[in-house]
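In my numbering, each number is its position in the sequence shown, counted from 1, plus 8. The beta carbon of each residue, even a glycine, is placed where N, CA and C say it ideally should be. Notes to accompany the following structure.
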Amino acid sequence: MLQAADIKPEDFEGLEGCNEVLNRTRPDVVKDIHRAYFEAGSDLVETNSFGTNLAALAEYGIEDQIDDLAFRAAKLARETADEFSTEQWPRFVLGSVGPGTKLPTLGQIDFTDMRDAYYTQISAMIRGGIDAVQIETAQDLLQAKAAVIAAKRARSDANIDLPIFVSVTVETTGTMLLGSEIGAALCALEPLGVDILGLNCATGPTEMREYLRYLSRNSKMGVSAMPNAGLPQLTSQGAVYDLTPDQLSKALSEFIAEDGLCLVGGCCGTTPEHIRMVREAIGDNHPLKDRVVKKINSVSSLYSDVPLKQDTSYLTIGERTNANGSKAFREAMLEGNWDECLDIARGQLRQGAHVLDLCVDYVGRDGSQDMSYGAAKFATSVTLPLMLDSTEPAVIEAGLNKLAGRCIVNSVNYEDGDGPDSRFNKMMKLVSEHGSAVVALTIDETGQARTADHKVEVAERLIKDLTENWGMDEGDILVDCLTFPIATGADETRRDGIETIEAIRRLKESHPRVGTTLGLSNISFGLNPAARVVLNSVFLDECVKAGLDSAIVSVAKIMPLDQIEPRQVEVALDLIYDRRKDGYDPLSEMLTLFENVSKADVKAEREAKLSSMPLNERLGQRIIDGNDMGLEDDLDLAMKEKEPIEIINEDLLSGMKTVGELFGAGKMQLPFVLAAAETMKRAVAYLEPHMTSDEQATSKGTLVLATVKGDVHDIGKNLVDIIVSNNGYTVVNLGIKQPISSIVEAAEKHHADAIGMSGLLVKSTMVMRDNLEELNVRGLSKYPVILGGAALTRTFVDEDLTALYKGTVKYAKDAFEGLTLMNTIMDIKAGKPGAELPEPRKRRVKKVAKKNTEHSTERSEVARGVPVPEPPFYGNRVLKGMTLSDVAEWLDEKATLMGRWGLRGTKDGMTYEQLAQSEGRPRLRGLLETLQSEKLLDFGVVYGYYPCFSEGEDLIVCDPDTKNELFTWTFPRQNGNRRLCIPDFFRDRQEAEEQGLDVIGLQIVTIGSKVSEKTAEMYAKNEYRAYLEMHGLSCQLAEALAEWTHHRIRQELGIAGEDGEIEAQVAKQAYQGSRYSFGYGACPDLHMRRQIVDALDAERIGVHLSEEYQLDPEQSTDAFVVHHKEAKYFSTMKD
């Protein structure tokens, strides 16, 4: 609108582009714009004050004019609104507060300077007559907090009740500019007392849909939307917005109807005509949809939110970032080594912490300065929320002013009362203004509460004070009932553990929503480290049973009780519950049990054991352990005794040989095998500069390796590459989708000793067969061929393909069998006596020719006449903005850790659960943090509903508008069992004509291509274990996103009412409405993918279909959803 107005250069007073100056020089233009929107039907207009803030005006050198320009902006809008306002139709003015051009979280502008400038702006607009504050286009949550705090201060000083609206901007990446998820925004802003929270700018309504849905279901505030008129298209004339007024009005009407929005409008590209159409679409006094809001008390980092109540565990608050409790953290902080401090913080995350306790208090240091610097570093570098831990209000304030997320303040108490000058009062002013959660200690004017009665009495006083006088929600309060050392030997301390447990139990009975927490390790003070681990672990278990919600602990020093000696658990319980009796004192017994027991570091102990081994054995053991600590020193010693090539062949390869034997015997899991391979790779790389070029070229043999044409899966092939290449062979890895011509060319060029072909798909087994025939035709059966892949079977290779191929062809079930075969092939080639490949296995049951029976197309006895659910819309929609926490909730942990990563228990070793606890879950948490912090996930979903009907074995899917045939799928039918076929679950043509069409849900999901780029980088860097784990996790996350989408479809169809728990849904189909994917038993034909990809226009989420009917990126899935109750998984592939 401004660009179209008749504005002359001199109107800007030499400040070209500073539109706010027009409030002074061209008030007529500004008022005409307001009038145009009021005439179109707007209830509210925004002031021309978007840029009257410190950062924006400072660029023109006129930051001293904030007050004047903001006041003029408000006055102009107020005067115009009053021209149109009537008793029947009042018009309102929103005071626009923009983000400026600098981000406080990145340290580009000081928080307090920004806050104070916002105060000046908003105070001026209040004088000018605004009806509410509209903080908009917020890209940094810390900037939004500064503006909200300023608005609250300004309205308080003006003594008026002024509503505060906030609109955040979510980019097309699915997060705010700095990576904040919508859940983090809600968590940080709602406790500040905001009245309406919504979205504006950056995208059109389509891209906003999922974020608005999230706010609708989780925000107790009003929800608003002001999208752009579509995504901007850059042209020679500038940005063009192509969303029509009709399209905008339709989208906003849907948001109002489905998500209960209370305020809608438009941002960039929105003309008065857009607003006129919106007004016509929603009419006057449109009723608000009732929203069912699920209140979850949470805290957040800049990036994501964490519930204060964990469903299956306690909230773990990592204590190792506390200068008073961690020597390593304190020393790093004192040295100014904040990178080391951050490494300690990330270690807590990997070990399972949900929140980090940040305490920088240290005698003789400026706590405020340390907190300011430390909090700023943690703000962007750690994805976990923070608990700010200090007794000094100034230190807490320094941290709050640097953190965009919602913190926990630790702590408040009544040690010096609750008067105006008390520490309690000063701390609570900060908690209230910043909307923090708070830890309340059971300490009053008489001191620390020791008995359960006293603890509960102080807790009740705290809860009443915090809720009634400070307006806090009970769910945001964490009461610390305090615990004290029980191993001092003093009689008066013996019951301290009992009193704490009892206080927790009583408090949770009277206030179930109030949280409870403990600084856990106090209980064991005075014992040696090994005894402390046991007592802390047992005491924590007892407190959790009593109702403890959170604990400040060092996560690595808590052990599952089933991993502690039963006698140690028994004595610890006796000590906690003071079960002394004649001749038995549990404290004395505890001291005896742990006398001379050191909690020495396991790696240090192992190094001591290693150092006693002969050098050659030590090198082999390092490979087996995947331990490169001291590896280079040992290699230097070894090179004094023998040549590098001998070290490799005699010492290092012997270690890899043992690794293979352990894996084959089921005594070593795949992740540890890959760790061994990484160590082998490092050792060889260290030795290579000391070898001649001929020695470096020495190889046991050459294997040409490829995934066959039409198959994009490479994880199995790459594992073969890793294992074989790290056992002395040269591997020529050609990659995926390789035609036989490329394989042959490479084999001839590199003088291959064998060819390896891999593939995951059933179709790939036929490609392998064709490739073998081509080798016969070309007269190249001289090459032994090793085949592997999920769809292959040993009998198919040993019988069918062996009979076909004129040379040698063998099946390898895994990488180590491939290595064994390669060893044997080379032994045979070298003429080694007794070397021979295993004999082909014969089928146990001979093939029986099927009788030539006529295929029956008669429909199965699936129930008919079932109700057809009504979808919320027909056609399809794109969803963006799903958060990692949303998707991870549907992650199948066991399929990830056991199936993808190979963490399986062994008879003589650790169980699966022990491996998951010690290895799997910590690494899983670390990888999830990497995915989030490096922004490797780009979740995309396109799904929809289509009318359909069946005809025999055909399913006819119709156009949602015309109801004409869109496409037809023909499905196979079982010859046996129930003789099921997918179309049986839908109304047939006659039923559709009489009762109406049936409905089918379609979906395609992807996590994007960045993860594949990351795994390729890991593979190239020889980070084998990380490669396997990241690849496996990414595949399972794609499946989790598919489950999430599937659940949404069932919810929208109204058939999710009987869903089981998420774990049961994923593992046991505990729901109505099965999801079928192409390539599996009920619908094996991948060619049918073409129709679903075309119908959903999957390219909108970056998913493409290859010539071989594979979805790209690899971490993508497609499916259709059948609502019929009897629709469960079945197969037509085996009869």
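Where residue i and residue j are concerned, what is the direct C-alpha to C-alpha distance, given to the nearest angstrom?
i            : j            : result
residue 705  : residue 678  : 29 Å
residue 490  : residue 542  : 19 Å
residue 1025 : residue 921  : 31 Å
residue 833  : residue 1115 : 36 Å
residue 1123 : residue 119  : 41 Å
residue 6    : residue 1084 : Nothing about residue 6 can be read from this structure; the chain reaches only from 9 to 1143.
residue 1135 : residue 682  : 41 Å
residue 769  : residue 780  : 17 Å
residue 846  : residue 967  : 57 Å
residue 398  : residue 379  : 10 Å
residue 401  : residue 40   : 50 Å
residue 423  : residue 529  : 22 Å
residue 924  : residue 563  : 15 Å
residue 306  : residue 315  : 4 Å
residue 884  : residue 953  : 7 Å
residue 1003 : residue 995  : 9 Å
residue 1008 : residue 137  : 54 Å
residue 1037 : residue 912  : 14 Å
residue 878  : residue 1006 : 9 Å
residue 540  : residue 534  : 8 Å
Thinking just about the alpha-carbon of each residue, which of the options is nearest to the one in residue i?
i           : options                   : result
residue 760 : 626, 559, 287 and 751     : 751
residue 78  : 127, 45, 94 and 386       : 127
residue 713 : 823, 942, 420 and 33      : 823
residue 3   : 781, 763, 790 and 788     : With the chain covering 9 to 1143 only, the question about residue 3 has no answer from this structure.
residue 942 : 470, 311 and 914          : 311
residue 372 : 360, 348, 331 and 386     : 331
residue 515 : 461, 544 and 531          : 461
residue 709 : 885, 735 and 457          : 735
residue 87  : 304, 382, 913 and 31      : 31
residue 418 : 717, 396, 1008 and 374    : 396
residue 680 : 633, 715, 404 and 354     : 633
residue 902 : 915, 928 and 667          : 928
residue 320 : 1139, 1129, 1070 and 1086 : 1070
Assuming residue i and residue j form a contact by the criterion Cβ under 8 Å, report the distance between their Cβ atoms to the nearest whole angstrom.
i            : j            : result
residue 53   : residue 85   : 6 Å
residue 1050 : residue 1125 : 5 Å
residue 166  : residue 134  : 5 Å
Would residue i and residue j be called neighbours here (beta carbons separated by less than 9 Å)?
i            : j            : result
residue 478  : residue 292  : no
residue 813  : residue 801  : no
residue 363  : residue 411  : no
residue 48   : residue 284  : yes
residue 1015 : residue 1045 : yes
residue 21   : residue 60   : no
residue 210  : residue 149  : no
residue 63   : residue 110  : yes
residue 239  : residue 180  : yes
residue 157  : residue 176  : no
residue 359  : residue 392  : no
residue 308  : residue 192  : yes
residue 1031 : residue 686  : yes
residue 352  : residue 494  : no
residue 300  : residue 277  : no
residue 723  : residue 684  : no
residue 274  : residue 236  : yes
Check: Can at least three beta-carbon pairs, one atom from the segment 953-964 and one from the segment 986-994, be found at a separation below 8 Å?
Finding: yes
Check: Between the segment 474-488 and the segment 436-451, do at least 3 Cβ pairs fall closer than 8 Å?
Finding: Touching, yes.
Checklist line | Three CB pairs or more closer than 8 Å across the segment 688-696 and the segment 646-658 | finding: yes
Check: At a cut of 8 Å, does the segment 458-472 reach the segment 486-502 through at least three beta carbon pairs?
Finding: yes
Item checked: Cβ pair count under 8 Å reaching 3, the segment 783-795 against the segment 655-671 -> no
Checklist line | the segment 327-347 / the segment 571-591 touching (three or more Cβ pairs under 8 Å) | finding: no
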